[in-house]
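Participant:
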Amino acid sequence: MPQQPPKGAGSGTQSAPRRGKGVLNQQVAAGARVPVCASCKAQIRGKFVTALGQTWCPNHFSCAMPDCKRELHDIGFVEEKKQLYCEGCFETHLAPNCSRCSKRVKGDCLNAIGKQFHPECFSCTYCGSLFGNSHFYLEDGLPYCEADWNELFTTKCYACGYPIEAGDRWVEAMNNNYHSQCFNCSVCKKNLEGQSFLGKSGRPMCKSHAR
Ligand SMILES: [Zn+2]
Ligand SMILES: [Zn+2]
Ligand SMILES: [Zn+2]
Ligand SMILES: [Zn+2]
Ligand SMILES: [Zn+2]
Ligand SMILES: [Zn+2]
């Protein structure tokens with residue numbers, strides 16, 4: 003049977019904004035089709051820019067921020083939701099804020115639990131180790147590594163020391179928790195779930211061995 007992942011387990015995905023540069027062409031090669039600007043849809047006579055498989059008038063290949071409009075063919079662009087921006091506008095207006103340090107995420111961005119992080123900012127709440135591509139576990143919306151999550155948030159069987167997981171049958175006795183199959187007489191190992199037992203030095207005993 004495949005093991006179910008514990009409550010709140012997840013893993014992050016990493017993404018980075020697409021950056022590139024347009025190429026300024028002096029003129030259409032003889033016999034080639036006249037390029038059409040992806041922005042104004044007009045046929046372009048003279049210089050034109052090619053980028054991302056499209057063509058633009060040089061002055062229309064510009065930052066999509068209305069109050070910027072810088073031409074992008076010599077400075078490069080950042081693509082965000084199919085729009086092109088200059089690096090400055092991307093960093094000040096569009097780069098997501100890291101949920102841990104609140105600074106803008108300009109490069110690689112880790113997407114996890116519906117939030118954005120610098121890859122180096124998404125780490126175990128308890129020990130600070132980075133998750134990379136490995137799984138993390140959530141508790142109250144905070145991520146933990148598997149070892150710490152197990153240590154901090156699982157109930158452990160007093161007899162065998164392993165976590166009691168959701169769906170396991172368990173017994174609470176003498177202020178401790180036991181897997182049902184681990185709740186046995188300390189002497190004869192007879193299972194005591196639902197049986198009468200006596201506690202001796204914090205250990206369960208069947209009636210005949212408690213005397
Ligand atoms: Zn145009
Ligand atoms: Zn701009
Ligand atoms: Zn950060
Ligand atoms: Zn940890
Ligand atoms: Zn156990
Ligand atoms: Zn016994």
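Taking my numbering, the leading residue of the sequence shown gets 3, the next gets one more, and so forth. Ideal placement from N, C-alpha and C gives every residue a C-beta, glycine not left out. Given the structure is predicted, the values throughout are model-derived calculations rather than measurements.
1) I'd like to check one pair, V189 with M207: are the Cβ atoms closer than 8 angstroms?
2) For C147, verify whether its CB is less than 7 angstroms away from any heavy atom of ligand 4.
3) For H125, which of helix, strand or coil comes out of DSSP?
4) When you get a sec, list the residues whose CB is within less than 7 angstroms of any heavy atom of ligand 6, chain order please.
5) Inspect the beta-carbon positions of V173 and F185 and report whether they are closer than 8 angstroms.
6) Can you list, in chain order, the residues of its chain whose CB lies under 6 angstroms from that of C42, leaving out five sequence neighbours each side?
7) Can you tell me where the beta strand (DSSP E) holding E81 begins and where it ends?
8) Please report how far the alpha carbon of P7 lies from the alpha carbon of C70, in whole angstroms.
9) Output the boundary residues of the beta strand (DSSP E) element that contains K209.
10) Among V38, Q16 and V80, which residue has its Cα nearest to the Cα of G90?
11) How about Y87 and C111: do their beta carbons lie closer than 8 angstroms?
12) Please give the ranges of any alpha helix (DSSP H) in the segment 109 to 185, keeping only runs that are unbroken, at least 4 residues long and fully inside the region.
13) Is N193 helix, strand or coil when you go by DSSP?
14) Exposed or buried, C126, counting other C-beta atoms within 10 Å across all chains shown (16 or more means buried)?
15) Please list, in chain order, all residues of the same chain as Q118 whose beta carbon is under 8 angstroms from its beta carbon, the five residues on each side excluded.
16) In the DSSP assignment, the beta strand (DSSP E) including L223 goes from what residue to what residue?
17) At which residue ranges does the segment 26 to 94 contain complete beta strand (DSSP E) runs of 3 or more residues, listed in the order of the chain?
18) Could you check whether the Cβ of S64 sits closer than 7 angstroms to any heavy atom belonging to ligand 1?
Facilitator: In this structure, then:
1) For this step, residue 207 is matched to residue 205 along the sequence shown. For this step, residue 189 is matched to residue 187 along the sequence shown. Their beta carbons are under 8 angstroms apart, which means M207 touches V189 by this criterion.
2) The residue you call residue 147 lines up with position 145 of the sequence shown. Yes, ligand 4 has a heavy atom inside 7 angstroms of this Cβ.
3) Residue numbering aside, residue 125 sits at position 123 when the sequence shown is read from its first letter. According to the sequence as given, residue 125 is Ser; it is not His. DSSP places S125 in strand when its eight states are reduced to three.
4) C187, V189, C190, K192, M207, C208, S210 and H211
5) For the purposes of this step, residue 173 is taken as residue 171 along the sequence shown, with counting starting at 1. For the purposes of this step, residue 185 is taken as residue 183 along the sequence shown, with counting starting at 1. Result yes, Cβ atoms of V173 and F185 sit closer than 8 angstroms.
6) Taking the sequence shown and counting its residues from 1, one reaches residue 42 at position 40. Answer for C42: H62, listed in chain order.
7) For the purposes of this step, residue 81 is taken as residue 79 along the sequence shown, with counting starting at 1. Its beta strand (DSSP E) spans residues F79 to E82.
8) Translated into positions along the sequence shown, residue 7 becomes position 5. Translated into positions along the sequence shown, residue 70 becomes position 68. Caution is warranted here: a pLDDT of 45 is assigned to P7, below 50, making its placement in the model unreliable, and the coordinate value is therefore given only provisionally. When rounded, the distance between both Cα atoms is 48 angstroms.
9) Here residue 209 is taken as the residue at index 207 of the sequence shown, counted from 1. Unbroken run through K209 is the alpha helix (DSSP H), K209 to A212; no beta strand (DSSP E).
10) Residue numbering aside, residue 90 sits at position 88 when the sequence shown is read from its first letter. It is V80 whose Cα lies nearest to the Cα of G90.
11) Residue 87 sits at position 85 when you count from the first residue of the sequence shown. Residue 111 sits at position 109 when you count from the first residue of the sequence shown. It is not a contact, given that the beta carbons lie outside the stated cut-off.
12) 148 to 155
13) Sequence index remark: in the sequence shown, residue 193 carries index 191 (1-based). Residue state, collapsed to three classes: strand.
14) Position 124 of the sequence shown holds residue 126. Buried, since its Cβ has 16 or more Cβ neighbours within 10 Å.
15) On the sequence shown, position 116 is the one that residue 118 refers to. Closer than 8 angstroms at Cβ, skipping near neighbours: P98, N99, C100, S101, V107, C111 and L112.
16) The displayed coordinates of the chain run from 3 to 213. Any statement about residue 223 would go beyond what the structure contains.
17) 50 to 53, 56 to 58, 79 to 82 and 85 to 87
18) For this step, residue 64 is matched to residue 62 along the sequence shown. Outside the cutoff, so no.
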